[in-house]
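Novice:
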Amino acid sequence: MNVSDTFVNVDDEIFSCLNLDCPKSFFLFAGAGSGKTRSLVEVLKRFQEENIHRLRLNGQKVAIITYTNAASDEIKRRLEFDSTFVISTIHSFAWELIRPFQKDINEWIRHDTQNEITELEEKQSKGRTGTKAASDRAAKIELKKKRLMDLDKIIKFTYNPIGINSGRDSLNHAEVIKISSNFLSTKPLMQQILVKKYPILLIDESQDTKKELVEAFFAIQEKFSNIFSLGLFGDTMQRIYMDGKLDLGLNIPDTWAKPAKEINYRCPKRVITLINKIRSDSDGQEQKPSDKNEDGIVRLFIVDSDSRLDKQAIEKNIAKQMSDFTSDDSWRALDSEVKILTLEHHMAARRGGFIDFFEPLYKSSSDSTGLLDGTMYGIPFLLHQLLPLVKAIQRGDEFGVAQIVKKYSPLLDKKTLKGCKNPIEQIRKANAAVESLYSLWKNEAEPSLLEILRKITELKLFPL
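The numbering used here runs 1 ahead of the 1-based position in the sequence shown.
See the structure below:
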(Lines of atoms letter the chains of each structure in order from A and count residues from 1; the text may use other names and numbers.)
(Lines give C-alpha, C1' and ligand atoms only; values in the text may rest on other atoms or scores of the structure.)
Protein backbone atom coordinates (compact mmCIF):
# COMPACT_ATOMS: atom_id res chain seq x y z
CA MET A 1 0.00 0.00 0.00
CA ASN A 2 1.37 3.41 -0.96
CA VAL A 3 0.46 5.65 1.97
CA SER A 4 1.07 8.94 0.17
CA ASP A 5 -1.26 7.87 -2.64
CA THR A 6 -3.97 7.13 -0.05
CA PHE A 7 -3.54 10.60 1.42
CA VAL A 8 -3.82 12.21 -2.01
CA ASN A 9 -6.87 10.20 -3.06
CA VAL A 10 -8.87 11.11 0.06
CA ASP A 11 -7.81 14.77 -0.11
CA ASP A 12 -8.75 14.92 -3.79
CA GLU A 13 -12.19 13.48 -3.06
CA ILE A 14 -12.80 16.03 -0.30
CA PHE A 15 -11.56 18.88 -2.51
CA SER A 16 -13.89 17.85 -5.34
CA CYS A 17 -16.84 18.24 -2.95
CA LEU A 18 -15.91 21.89 -2.27
CA ASN A 19 -16.99 22.99 -5.73
CA LEU A 20 -18.84 26.31 -5.54
CA ASP A 21 -20.62 25.62 -8.86
CA CYS A 22 -21.54 22.02 -8.10
CA PRO A 23 -21.27 21.47 -4.32
CA LYS A 24 -21.40 18.01 -2.81
CA SER A 25 -21.79 17.18 0.85
CA PHE A 26 -19.71 14.49 2.53
CA PHE A 27 -19.06 12.52 5.68
CA LEU A 28 -15.39 11.73 6.26
CA PHE A 29 -14.68 8.77 8.51
CA ALA A 30 -11.46 9.74 10.27
CA GLY A 31 -10.28 7.32 12.92
CA ALA A 32 -7.66 7.98 15.57
CA GLY A 33 -4.22 8.92 14.23
CA SER A 34 -5.45 9.20 10.63
CA GLY A 35 -4.15 12.70 9.90
CA LYS A 36 -7.59 14.31 9.75
CA THR A 37 -6.44 17.83 10.65
CA ARG A 38 -3.64 17.61 8.09
CA SER A 39 -6.14 16.70 5.36
CA LEU A 40 -8.53 19.47 6.42
CA VAL A 41 -5.81 22.12 6.28
CA GLU A 42 -4.26 20.89 3.00
CA VAL A 43 -7.64 20.80 1.25
CA LEU A 44 -8.54 24.28 2.51
CA LYS A 45 -5.19 25.69 1.37
CA ARG A 46 -5.82 24.30 -2.11
CA PHE A 47 -9.38 25.66 -2.06
CA GLN A 48 -8.01 29.01 -0.94
CA GLU A 49 -5.69 29.27 -3.95
CA GLU A 50 -8.48 28.64 -6.45
CA ASN A 51 -11.49 30.38 -4.88
CA ILE A 52 -10.40 33.17 -2.54
CA HIS A 53 -11.07 36.01 -5.00
CA ARG A 54 -14.52 34.68 -5.90
CA LEU A 55 -15.51 34.37 -2.24
CA ARG A 56 -14.33 37.88 -1.44
CA LEU A 57 -16.15 39.30 -4.45
CA ASN A 58 -19.39 37.66 -3.26
CA GLY A 59 -18.83 38.55 0.41
CA GLN A 60 -18.78 34.86 1.33
CA LYS A 61 -16.69 32.76 3.69
CA VAL A 62 -16.04 29.13 4.57
CA ALA A 63 -17.15 28.15 8.09
CA ILE A 64 -15.23 25.53 10.05
CA ILE A 65 -16.71 24.45 13.38
CA THR A 66 -14.35 22.81 15.88
CA TYR A 67 -15.14 21.31 19.26
CA THR A 68 -12.48 23.10 21.30
CA ASN A 69 -10.83 26.51 21.29
CA ALA A 70 -7.45 24.76 21.11
CA ALA A 71 -8.43 23.02 17.86
CA SER A 72 -9.79 26.29 16.49
CA ASP A 73 -6.56 28.12 17.28
CA GLU A 74 -4.44 25.37 15.71
CA ILE A 75 -6.37 25.41 12.40
CA LYS A 76 -6.31 29.22 12.31
CA ARG A 77 -2.54 29.13 12.72
CA ARG A 78 -2.06 26.55 9.98
CA LEU A 79 -4.23 28.61 7.60
CA GLU A 80 -2.22 31.72 8.48
CA PHE A 81 -5.24 33.48 10.00
CA ASP A 82 -6.89 34.05 6.61
CA SER A 83 -10.21 35.84 7.23
CA THR A 84 -11.79 33.86 4.38
CA PHE A 85 -12.13 31.03 6.87
CA VAL A 86 -14.36 31.55 9.91
CA ILE A 87 -13.02 29.02 12.40
CA SER A 88 -14.81 28.82 15.74
CA THR A 89 -16.40 26.54 18.30
CA ILE A 90 -20.04 25.56 17.88
CA HIS A 91 -21.17 27.96 20.62
CA SER A 92 -19.37 30.93 19.04
CA PHE A 93 -20.69 30.08 15.59
CA ALA A 94 -24.26 29.63 16.83
CA TRP A 95 -24.17 32.96 18.68
CA GLU A 96 -22.89 34.86 15.63
CA LEU A 97 -25.81 33.43 13.64
CA ILE A 98 -28.56 34.43 16.06
CA ARG A 99 -27.10 37.62 17.57
CA PRO A 100 -28.72 40.01 15.03
CA PHE A 101 -32.18 38.56 15.78
CA GLN A 102 -32.66 40.18 19.20
CA LYS A 103 -36.46 40.46 19.00
CA ASP A 104 -36.78 36.82 17.93
CA ILE A 105 -34.49 35.76 20.78
CA ASN A 106 -36.69 37.63 23.24
CA GLU A 107 -39.82 35.94 21.91
CA TRP A 108 -38.17 32.50 22.04
CA ILE A 109 -37.01 33.03 25.65
CA ARG A 110 -40.49 34.25 26.62
CA HIS A 111 -42.21 31.23 25.07
CA ASP A 112 -39.68 28.73 26.45
CA THR A 113 -39.73 30.22 29.95
CA GLN A 114 -43.54 30.21 30.05
CA ASN A 115 -43.56 26.54 29.00
CA GLU A 116 -41.07 25.73 31.78
CA ILE A 117 -43.23 27.55 34.34
CA THR A 118 -46.34 25.66 33.20
CA GLU A 119 -44.49 22.35 33.43
CA LEU A 120 -43.12 23.13 36.91
CA GLU A 121 -46.52 24.28 38.18
CA GLU A 122 -48.11 21.10 36.91
CA LYS A 123 -45.50 19.01 38.76
CA GLN A 124 -45.99 21.17 41.84
CA SER A 125 -49.74 20.58 41.84
CA LYS A 126 -49.23 16.80 41.67
CA GLY A 127 -46.29 16.56 44.08
CA ARG A 128 -46.22 16.32 47.86
CA THR A 129 -46.05 19.57 49.78
CA GLY A 130 -43.40 20.29 52.38
CA THR A 131 -40.68 18.29 50.63
CA LYS A 132 -37.30 19.56 49.43
CA ALA A 133 -38.35 18.85 45.84
CA ALA A 134 -41.44 21.03 46.29
CA SER A 135 -39.34 23.80 47.81
CA ASP A 136 -36.84 23.63 44.93
CA ARG A 137 -39.65 23.74 42.35
CA ALA A 138 -41.21 26.77 44.05
CA ALA A 139 -37.87 28.59 43.95
CA LYS A 140 -37.41 27.75 40.27
CA ILE A 141 -40.92 28.99 39.46
CA GLU A 142 -40.20 32.32 41.15
CA LEU A 143 -36.90 32.72 39.31
CA LYS A 144 -38.51 31.98 35.96
CA LYS A 145 -41.40 34.37 36.63
CA LYS A 146 -38.86 37.06 37.46
CA ARG A 147 -37.08 36.35 34.19
CA LEU A 148 -40.36 36.77 32.31
CA MET A 149 -40.83 40.18 33.91
CA ASP A 150 -37.23 41.17 33.13
CA LEU A 151 -37.64 40.37 29.42
CA ASP A 152 -39.55 43.63 28.88
CA LYS A 153 -36.54 45.57 30.16
CA ILE A 154 -33.94 43.84 27.98
CA ILE A 155 -32.89 45.76 24.88
CA LYS A 156 -30.03 43.53 23.82
CA PHE A 157 -29.00 40.03 24.89
CA THR A 158 -25.35 39.23 25.53
CA TYR A 159 -23.34 36.03 25.49
CA ASN A 160 -19.72 35.06 26.12
CA PRO A 161 -18.71 31.60 24.81
CA ILE A 162 -15.81 31.29 27.27
CA GLY A 163 -16.88 33.52 30.14
CA ILE A 164 -19.54 34.17 32.73
CA ASN A 165 -23.10 34.77 31.53
CA SER A 166 -24.81 35.88 34.73
CA GLY A 167 -26.63 39.14 33.96
CA ARG A 168 -30.36 39.29 33.36
CA ASP A 169 -29.61 40.06 29.69
CA SER A 170 -27.24 37.07 29.36
CA LEU A 171 -27.94 33.83 27.53
CA ASN A 172 -26.39 30.62 28.79
CA HIS A 173 -24.59 28.07 26.62
CA ALA A 174 -27.51 25.64 26.39
CA GLU A 175 -29.91 28.42 25.35
CA VAL A 176 -27.64 29.56 22.51
CA ILE A 177 -27.60 26.03 21.08
CA LYS A 178 -31.36 25.55 21.51
CA ILE A 179 -32.21 28.93 19.97
CA SER A 180 -29.90 28.50 16.99
CA SER A 181 -31.23 24.97 16.37
CA ASN A 182 -34.80 26.27 16.48
CA PHE A 183 -34.13 29.26 14.23
CA LEU A 184 -32.25 27.17 11.66
CA SER A 185 -35.10 24.64 11.63
CA THR A 186 -38.04 27.05 11.47
CA LYS A 187 -36.92 30.37 9.99
CA PRO A 188 -36.38 30.40 6.19
CA LEU A 189 -34.55 33.74 6.46
CA MET A 190 -32.00 32.25 8.87
CA GLN A 191 -31.49 29.30 6.52
CA GLN A 192 -30.85 31.60 3.57
CA ILE A 193 -28.46 33.76 5.58
CA LEU A 194 -26.46 30.65 6.47
CA VAL A 195 -26.12 29.20 2.96
CA LYS A 196 -25.50 32.55 1.24
CA LYS A 197 -22.88 33.69 3.74
CA TYR A 198 -21.27 30.26 4.14
CA PRO A 199 -21.65 28.14 0.97
CA ILE A 200 -19.38 25.61 2.67
CA LEU A 201 -19.77 24.49 6.29
CA LEU A 202 -17.33 21.95 7.75
CA ILE A 203 -17.83 20.39 11.19
CA ASP A 204 -14.91 18.76 12.97
CA GLU A 205 -15.61 16.09 15.64
CA SER A 206 -19.17 15.99 14.32
CA GLN A 207 -20.00 12.97 16.50
CA ASP A 208 -20.02 15.32 19.51
CA THR A 209 -21.97 18.17 17.91
CA LYS A 210 -25.42 18.64 19.46
CA LYS A 211 -28.00 16.39 17.83
CA GLU A 212 -30.52 19.23 17.28
CA LEU A 213 -27.98 21.34 15.41
CA VAL A 214 -26.73 18.48 13.24
CA GLU A 215 -30.30 17.62 12.24
CA ALA A 216 -30.98 21.28 11.40
CA PHE A 217 -27.86 21.38 9.20
CA PHE A 218 -28.93 18.14 7.48
CA ALA A 219 -32.36 19.61 6.67
CA ILE A 220 -30.81 22.81 5.29
CA GLN A 221 -28.36 20.83 3.16
CA GLU A 222 -31.21 18.83 1.65
CA LYS A 223 -33.16 22.01 0.90
CA PHE A 224 -30.22 23.95 -0.59
CA SER A 225 -28.06 21.12 -1.96
CA ASN A 226 -27.43 23.02 -5.21
CA ILE A 227 -25.65 25.92 -3.44
CA PHE A 228 -24.53 24.52 -0.08
CA SER A 229 -21.95 21.91 0.90
CA LEU A 230 -21.98 20.36 4.38
CA GLY A 231 -18.86 18.43 5.35
CA LEU A 232 -18.73 16.30 8.50
CA PHE A 233 -15.49 14.95 9.93
CA GLY A 234 -15.84 12.34 12.62
CA ASP A 235 -15.72 8.88 14.11
CA THR A 236 -18.63 7.65 16.23
CA MET A 237 -16.29 5.49 18.32
CA GLN A 238 -14.53 8.66 19.52
CA ARG A 239 -17.72 10.16 20.94
CA ILE A 240 -17.17 11.83 24.31
CA TYR A 241 -20.63 13.29 25.05
CA MET A 242 -23.97 11.56 24.77
CA ASP A 243 -26.03 14.41 23.30
CA GLY A 244 -24.65 14.09 19.78
CA LYS A 245 -26.42 12.35 16.90
CA LEU A 246 -26.07 8.66 17.76
CA ASP A 247 -26.43 7.19 14.27
CA LEU A 248 -24.16 9.73 12.61
CA GLY A 249 -22.18 8.04 9.84
CA LEU A 250 -24.64 5.16 9.49
CA ASN A 251 -27.55 7.00 7.84
CA ILE A 252 -25.76 9.37 5.49
CA PRO A 253 -27.82 10.26 2.36
CA ASP A 254 -26.89 8.33 -0.80
CA THR A 255 -26.12 11.59 -2.59
CA TRP A 256 -23.25 12.36 -0.19
CA ALA A 257 -19.64 11.37 -0.70
CA LYS A 258 -18.24 9.03 1.97
CA PRO A 259 -14.45 9.20 1.91
CA ALA A 260 -12.56 7.35 4.63
CA LYS A 261 -9.14 7.89 6.16
CA GLU A 262 -8.40 4.31 7.09
CA ILE A 263 -4.67 4.61 7.76
CA ASN A 264 -3.65 4.95 11.41
CA TYR A 265 -0.21 6.59 11.45
CA ARG A 266 0.05 6.82 15.22
CA CYS A 267 -0.41 3.38 16.75
CA PRO A 268 1.66 0.19 16.52
CA LYS A 269 0.16 -2.54 14.31
CA ARG A 270 -0.94 -4.76 17.18
CA VAL A 271 -2.72 -1.84 18.86
CA ILE A 272 -4.60 -1.18 15.60
CA THR A 273 -5.62 -4.85 15.47
CA LEU A 274 -6.97 -4.56 19.02
CA ILE A 275 -8.85 -1.33 18.14
CA ASN A 276 -10.48 -3.03 15.15
CA LYS A 277 -11.62 -5.97 17.27
CA ILE A 278 -13.09 -3.67 19.92
CA ARG A 279 -15.14 -1.77 17.34
CA SER A 280 -16.07 -4.76 15.12
CA ASP A 281 -19.57 -5.01 16.63
CA SER A 282 -20.19 -1.26 16.30
CA ASP A 283 -19.92 0.17 12.77
CA GLY A 284 -17.62 -2.27 10.97
CA GLN A 285 -15.03 0.40 10.22
CA GLU A 286 -11.46 -0.86 10.19
CA GLN A 287 -8.17 0.98 10.31
CA LYS A 288 -4.95 -0.12 8.66
CA PRO A 289 -1.38 0.62 9.73
CA SER A 290 0.99 2.61 7.56
CA ASP A 291 4.12 0.99 6.16
CA LYS A 292 6.21 2.71 8.84
CA ASN A 293 4.22 1.61 11.90
CA GLU A 294 6.12 -0.71 14.23
CA ASP A 295 4.58 -4.02 15.26
CA GLY A 296 4.34 -3.12 18.92
CA ILE A 297 3.20 -5.28 21.82
CA VAL A 298 -0.22 -5.48 23.46
CA ARG A 299 -0.73 -7.13 26.82
CA LEU A 300 -4.29 -7.31 28.10
CA PHE A 301 -4.96 -7.52 31.85
CA ILE A 302 -8.55 -8.29 32.86
CA VAL A 303 -9.43 -7.03 36.34
CA ASP A 304 -12.52 -7.42 38.52
CA SER A 305 -14.54 -4.17 38.38
CA ASP A 306 -15.59 -4.41 42.05
CA SER A 307 -15.60 -0.80 43.29
CA ARG A 308 -14.26 -1.88 46.69
CA LEU A 309 -10.92 -2.96 45.22
CA ASP A 310 -7.85 -0.74 45.55
CA LYS A 311 -7.46 0.33 41.91
CA GLN A 312 -4.15 2.08 42.46
CA ALA A 313 -2.66 -1.03 44.06
CA ILE A 314 -3.84 -3.08 41.08
CA GLU A 315 -2.22 -0.62 38.68
CA LYS A 316 1.06 -0.76 40.57
CA ASN A 317 0.97 -4.56 40.44
CA ILE A 318 0.33 -4.51 36.68
CA ALA A 319 3.14 -2.00 36.20
CA LYS A 320 5.48 -4.28 38.18
CA GLN A 321 4.54 -7.21 35.93
CA MET A 322 5.14 -5.07 32.83
CA SER A 323 8.52 -4.09 34.23
CA ASP A 324 9.39 -7.78 34.67
CA PHE A 325 8.10 -8.72 31.19
CA THR A 326 10.04 -5.96 29.44
CA SER A 327 13.07 -5.65 31.73
CA ASP A 328 12.31 -1.93 31.87
CA ASP A 329 12.27 -0.22 35.27
CA SER A 330 10.49 2.81 33.76
CA TRP A 331 7.21 0.91 34.20
CA ARG A 332 7.58 1.32 37.94
CA ALA A 333 7.49 5.14 37.66
CA LEU A 334 3.72 5.36 37.17
CA ASP A 335 3.52 9.08 37.87
CA SER A 336 6.22 10.17 35.43
CA GLU A 337 7.13 7.57 32.81
CA VAL A 338 3.90 5.65 32.10
CA LYS A 339 1.06 7.00 29.97
CA ILE A 340 -2.32 6.16 31.50
CA LEU A 341 -5.49 6.68 29.47
CA THR A 342 -8.37 7.83 31.67
CA LEU A 343 -11.58 6.71 29.99
CA GLU A 344 -14.27 7.95 32.35
CA HIS A 345 -15.01 11.30 34.01
CA HIS A 346 -15.46 9.98 37.55
CA MET A 347 -12.11 8.26 37.18
CA ALA A 348 -10.50 11.52 36.03
CA ALA A 349 -12.04 13.42 38.95
CA ARG A 350 -10.86 10.85 41.47
CA ARG A 351 -7.33 10.72 40.07
CA GLY A 352 -7.20 14.50 39.76
CA GLY A 353 -8.24 15.01 43.36
CA PHE A 354 -11.48 16.90 42.68
CA ILE A 355 -14.07 14.14 43.12
CA ASP A 356 -15.74 16.03 46.02
CA PHE A 357 -16.32 18.95 43.64
CA PHE A 358 -17.35 16.86 40.63
CA GLU A 359 -19.65 14.20 42.03
CA PRO A 360 -22.38 16.37 43.66
CA LEU A 361 -22.66 18.50 40.51
CA TYR A 362 -22.79 15.45 38.25
CA LYS A 363 -25.49 13.75 40.33
CA SER A 364 -27.74 16.78 40.75
CA SER A 365 -27.29 18.58 37.44
CA SER A 366 -29.66 18.37 34.50
CA ASP A 367 -26.78 19.69 32.39
CA SER A 368 -24.19 16.95 32.87
CA THR A 369 -22.71 17.63 29.43
CA GLY A 370 -22.18 21.26 30.41
CA LEU A 371 -20.27 20.07 33.47
CA LEU A 372 -18.14 17.70 31.39
CA ASP A 373 -17.26 20.14 28.61
CA GLY A 374 -16.82 23.14 30.91
CA THR A 375 -19.78 25.22 29.70
CA MET A 376 -22.07 24.72 32.73
CA TYR A 377 -22.99 27.94 34.52
CA GLY A 378 -20.20 28.82 36.93
CA ILE A 379 -17.50 26.60 35.43
CA PRO A 380 -16.14 29.29 33.02
CA PHE A 381 -15.86 31.64 36.01
CA LEU A 382 -13.76 29.08 37.87
CA LEU A 383 -11.57 28.36 34.84
CA HIS A 384 -11.06 31.83 33.39
CA GLN A 385 -11.32 34.13 36.40
CA LEU A 386 -11.00 32.47 39.80
CA LEU A 387 -8.27 29.92 39.03
CA PRO A 388 -5.98 32.41 37.19
CA LEU A 389 -6.59 34.91 40.02
CA VAL A 390 -5.66 32.41 42.75
CA LYS A 391 -2.55 31.31 40.85
CA ALA A 392 -1.49 34.94 40.37
CA ILE A 393 -1.99 35.59 44.11
CA GLN A 394 -0.04 32.48 45.09
CA ARG A 395 2.98 33.43 42.96
CA GLY A 396 2.85 37.07 44.07
CA ASP A 397 2.06 38.36 40.59
CA GLU A 398 0.46 41.75 41.37
CA PHE A 399 0.33 42.75 37.70
CA GLY A 400 -1.50 39.52 36.80
CA VAL A 401 -4.02 40.09 39.61
CA ALA A 402 -4.60 43.67 38.44
CA GLN A 403 -5.22 42.50 34.87
CA ILE A 404 -7.86 39.99 35.93
CA VAL A 405 -9.64 42.46 38.22
CA LYS A 406 -9.58 45.17 35.56
CA LYS A 407 -11.02 42.81 32.95
CA TYR A 408 -13.74 41.11 35.01
CA SER A 409 -14.59 43.05 38.18
CA PRO A 410 -17.73 45.25 38.26
CA LEU A 411 -15.76 47.54 40.59
CA LEU A 412 -13.69 48.67 37.61
CA ASP A 413 -16.00 48.27 34.63
CA LYS A 414 -16.55 51.22 32.32
CA LYS A 415 -20.08 51.96 33.54
CA THR A 416 -18.99 52.09 37.18
CA LEU A 417 -15.98 54.32 36.55
CA LYS A 418 -17.96 56.61 34.26
CA GLY A 419 -20.82 56.95 36.73
CA CYS A 420 -18.85 57.58 39.92
CA LYS A 421 -17.83 61.07 41.03
CA ASN A 422 -14.33 60.04 42.07
CA PRO A 423 -12.80 57.33 39.82
CA ILE A 424 -9.55 57.35 41.82
CA GLU A 425 -11.47 56.47 44.97
CA GLN A 426 -13.19 53.64 43.09
CA ILE A 427 -9.80 52.26 42.03
CA ARG A 428 -8.67 52.42 45.67
CA LYS A 429 -11.82 50.51 46.64
CA ALA A 430 -10.99 47.77 44.13
CA ASN A 431 -7.42 47.63 45.42
CA ALA A 432 -8.68 47.30 49.00
CA ALA A 433 -10.93 44.44 47.92
CA VAL A 434 -7.96 42.65 46.37
CA GLU A 435 -5.90 43.20 49.54
CA SER A 436 -8.73 41.74 51.59
CA LEU A 437 -8.84 38.72 49.31
CA TYR A 438 -5.05 38.37 49.66
CA SER A 439 -5.52 38.06 53.43
CA LEU A 440 -7.00 34.57 53.01
CA TRP A 441 -3.50 33.29 52.18
CA LYS A 442 -1.75 34.91 55.16
CA ASN A 443 0.62 32.73 57.19
CA GLU A 444 0.71 30.14 54.38
CA ALA A 445 -2.99 29.35 54.84
CA GLU A 446 -4.79 27.33 52.14
CA PRO A 447 -8.41 28.57 52.01
CA SER A 448 -11.12 26.33 50.63
CA LEU A 449 -13.00 27.12 47.44
CA LEU A 450 -16.09 27.97 49.51
CA GLU A 451 -14.11 30.45 51.66
CA ILE A 452 -12.73 32.15 48.55
CA LEU A 453 -16.18 32.43 46.95
CA ARG A 454 -17.71 33.82 50.15
CA LYS A 455 -14.97 36.44 50.34
CA ILE A 456 -15.48 37.44 46.70
CA THR A 457 -19.23 37.77 47.31
CA GLU A 458 -18.67 39.85 50.44
CA LEU A 459 -16.29 42.19 48.59
CA LYS A 460 -18.45 42.26 45.42
CA LEU A 461 -15.21 41.72 43.55
CA PHE A 462 -16.80 39.55 40.84
CA PRO A 463 -20.45 38.86 39.95
CA LEU A 464 -21.53 35.46 41.31
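Heads up, the beta-carbon is just placed ideally off N, CA and C, and yes, glycines get one too.
1. Only counting the same chain, and skipping five residues up and downstream in sequence, which positions put a Cβ closer than 8 Å to that of Lys355?
2. What alpha helix (DSSP H) runs, 4 residues minimum, are completely inside the segment 167-194?
3. State the beta-bridge partners of Ser1 as determined by DSSP.
4. For Ser207, count neighbouring Cβ atoms within 10 angstroms of its own Cβ and tell me buried if that reaches 16, exposed if not.
5. By the three-class DSSP mapping on this structure, what secondary structure does Leu344 have?
6. Under the DSSP definition of a beta bridge, which residues are partnered with Gly235?
7. Is the Cβ-Cβ distance between Phe1 and Ile65 less than 8 Å?
8. Among the residues of its own chain, which have a CB less than 7 Å from the CB of Val272, if the five just before and after it don't count?
9. Since Thr67 is in the beta strand (DSSP E), which residue starts that stretch and which ends it?
10. Taking all protein chains shown into account, do 16 or more other C-beta atoms lie within 10 angstroms of the C-beta of Gly128, making it buried, or fewer, making it exposed?
11. Pull up the distance between the alpha-carbon of Lys77 and that of Asn70, whole angstroms please.
12. Terminal residues of the continuous alpha helix (DSSP H) containing Thr119?
13. Would DSSP call Val304 helix, strand or coil?
14. With H, G and I counted as helix, E and B as strand and the rest as coil, what does DSSP make of Asn252?
15. Classify Thr159 as helix, strand or coil using the three-state DSSP reduction.
16. Relative to the alpha-carbon of Leu275, which residue among Ser440, Gln125, Arg455 and Gln288 has its alpha-carbon at the smallest distance?
17. Just to confirm my understanding: we take Lys46, look at its own chain, exclude 5 residues before and 5 after, and list those with CB closer than 8 Å. What are they?
18. What residue range is occupied by the uninterrupted beta strand (DSSP E) comprising Val87?
19. Determine the closest residue to Leu451 out of Val406, Phe358 and Gly375, with distance taken between C-alpha atoms.
20. Let me confirm a value: Val44 is counted as buried when at least 16 other C-beta atoms fall within 10 Å, else exposed. Which label applies?
Specialist: Quick answer:
1. Counted from its first residue, the sequence shown places residue 355 at position 354. For clarity, residue 355 is Phe in the given sequence; the question names Lys instead. Only residues of its own chain outside the window of five on either side were considered, and among them none has a CB closer than 8 Å to the CB of Phe355.
2. 174-187, all fully within the segment 167-194.
3. The question about residue 1 has no answer, for the chain in this structure spans 2 to 465.
4. The residue given as residue 207 occupies position 206 in the sequence shown. It is buried - the Cβ of Ser207 has at least 16 other Cβ atoms within 10 Å.
5. The residue labelled residue 344 in the question sits at position 343 within the sequence shown. Annotated three-state conformation of Leu344 is coil, per DSSP.
6. The residue given as residue 235 occupies position 234 in the sequence shown. DSSP output for Gly235 lists Phe30 as bridge partner(s).
7. The chain is shown only over 2 to 465; residue 1 falls outside these bounds and no answer can be derived.
8. Locating residue 272 in the sequence shown gives position 271, counting from the first residue. For Val272, where only same-chain residues beyond five positions count, the Cβ hits under 7 Å are Gly297 and Val299.
9. Your numbering for residue 67 matches position 66 in the sequence shown. Run containing Thr67: Val63 to Thr67, per the beta strand (DSSP E) assignment.
10. As a first step, residue 128 must be located in the sequence shown, where it is residue number 127. Here Gly128 is exposed: its Cβ has fewer than 16 other Cβ atoms, across all protein chains shown, within 10 Å.
11. Locating residue 77 in the sequence shown gives position 76, counting from the first residue. Locating residue 70 in the sequence shown gives position 69, counting from the first residue. So the two alpha carbons sit approximately 10 Å from each other.
12. As a first step, residue 119 is located in the sequence shown; it is residue number 118 there, counting from the start. Per DSSP, Thr119 belongs to the alpha helix (DSSP H) from Gln103 to Lys127.
13. Within the sequence shown, the letter at position 303 stands for residue 304. DSSP places Val304 in coil when its eight states are reduced to three.
14. Looking up residue 252 in the sequence shown gives position 251. Correct three-state label for Asn252: coil.
15. Taking the sequence shown and counting its residues from 1, one reaches residue 159 at position 158. Judged by DSSP in its simplified three-state form, Thr159 adopts strand.
16. As a position in the sequence shown, residue 275 is number 274, starting the count at 1. Ranking Ser440, Gln125, Arg455 and Gln288 by Cα distance to Leu275 puts Gln288 first.
17. Along the sequence shown, read from residue 1 onward, the residue named residue 46 stands at position 45. Excluding positions up to five away in sequence, the list reads Leu80.
18. Translated into the one-based positions of the sequence shown, residue 87 becomes position 86. Counting along the chain, the beta strand (DSSP E) containing Val87 begins and ends at Phe86 to Thr90.
19. As a first step, residue 451 is located in the sequence shown; it is residue number 450 there, counting from the start. For the residues Val406, Phe358 and Gly375, the minimum Cα distance to Leu451 belongs to Phe358.
20. The residue given as residue 44 occupies position 43 in the sequence shown. Counting Cβ neighbours within 10 Å, Val44 comes out buried, since at least 16 surround it.
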